[in-house]
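*Asks:*
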Amino acid sequence: MNEQGSLIIFAKSPVIGQVKTRLIPDIGQYQATAIYKELLTTTLATAVESKISDIQLWVHGDIQHQYFLNLKNRERFKFYKQTGKNLGQRMLNAITCVLDKYPYVVLIGSDCPELLSSDIHKAMTLLDKGKDLVLGPAKDGGYYLIGLRKHTPELFIGINWGAADVLDETVLRANELELDTGFLSKRNDVDLFCDLQAYYSLKSQEPAS
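Taking this note's numbering, the leading residue of the sequence shown gets 186, the next gets one more, and so forth.
1) On the premise that P298 lies in contact with G384, defined as a C-beta separation below 8 Å, what is that separation, rounded to the nearest angstrom?
2) Cutting at 7 Å between CB atoms, please list the residues of its own chain near S295, excluding the five before and the five after it.
3) Spatial neighbours of R207 within its chain, please: C-beta separation below 6 Å, excluding the five flanking residues on both sides.
4) What residue does the beta strand (DSSP E) around V244 start on, and which one ends it?
5) In chain order, what residues of the same chain lie with their CB nearer than 7 Å to the CB of S179, ignoring the 5 residues before and after it?
6) May I ask which residues mark the beginning and end of the beta strand (DSSP E) holding Y265?
7) If you reduce the DSSP assignment to three classes, tell me which class P322 lands in.
8) Taking all protein chains shown into account, do 16 or more other C-beta atoms lie within 10 angstroms of the C-beta of S370, making it buried, or fewer, making it exposed?
9) Would G269 pass as a contact of Q203 if the rule is Cβ separation under 9 Å?
10) Is the beta carbon of D325 sitting closer than 9 Å to the one on D380?
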């Protein structure tokens, strides 16, 4: 058993027409795919910046897609293929696999450009100090990060992942299980066109590097 935790990044193969589908009516499938690649690249850079020793990239779809083969800092990641019929099963399977080898795990998605490396470190620290569960609330009612110390399938089975109450349902179940839960700052995901507009508005305010 390793002494430190592992970081899982959930990603999709960036196939045109199959990613960021809720953006397609507004910007088209090619631009939606480009946006997804941008978000994923940003997430991976944040993960590398965190300097977590074990970073695992779990891919839904073609793990041999050219994007992954060309990935900068490819050597920093361990690649795995997601398994399961829905998002909850895929998350549970990945987390279960990692918790067999690590004392705790943090899982993030690839569509929260506001995620900071300090968010990852805070989640790891809270778990290291004994929190059972850490959640990073998303403003759309879901979460952009989940961290766990032990197998807790109840948090993933029977959740309506497309609903606006995913976070509330997860917290309710955590309370029923008497889990000691920590929370991070609330952040924006990019799923809808209004999210994309907010993201670019915020990005335009950043100082030039």
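Each residue gets a CB set at the ideal place from its N, CA and C atoms; glycine is no exception. Predicted model only: the values in this text are computed from it and were never measured.
*Replies:* Judging by the given coordinates:
1) Reading off the sequence, residue 384 comes out as Tyr, not Gly. About 6 Å; that satisfies the 8 Å criterion.
2) I194, F195, A196, L224, L225, T228
3) D376, L377
4) 240–245
5) For residue 179 there is no data in the structure shown, the boundaries of the chain being 186 and 394.
6) 262–266
7) strand
8) exposed
9) no
10) yes
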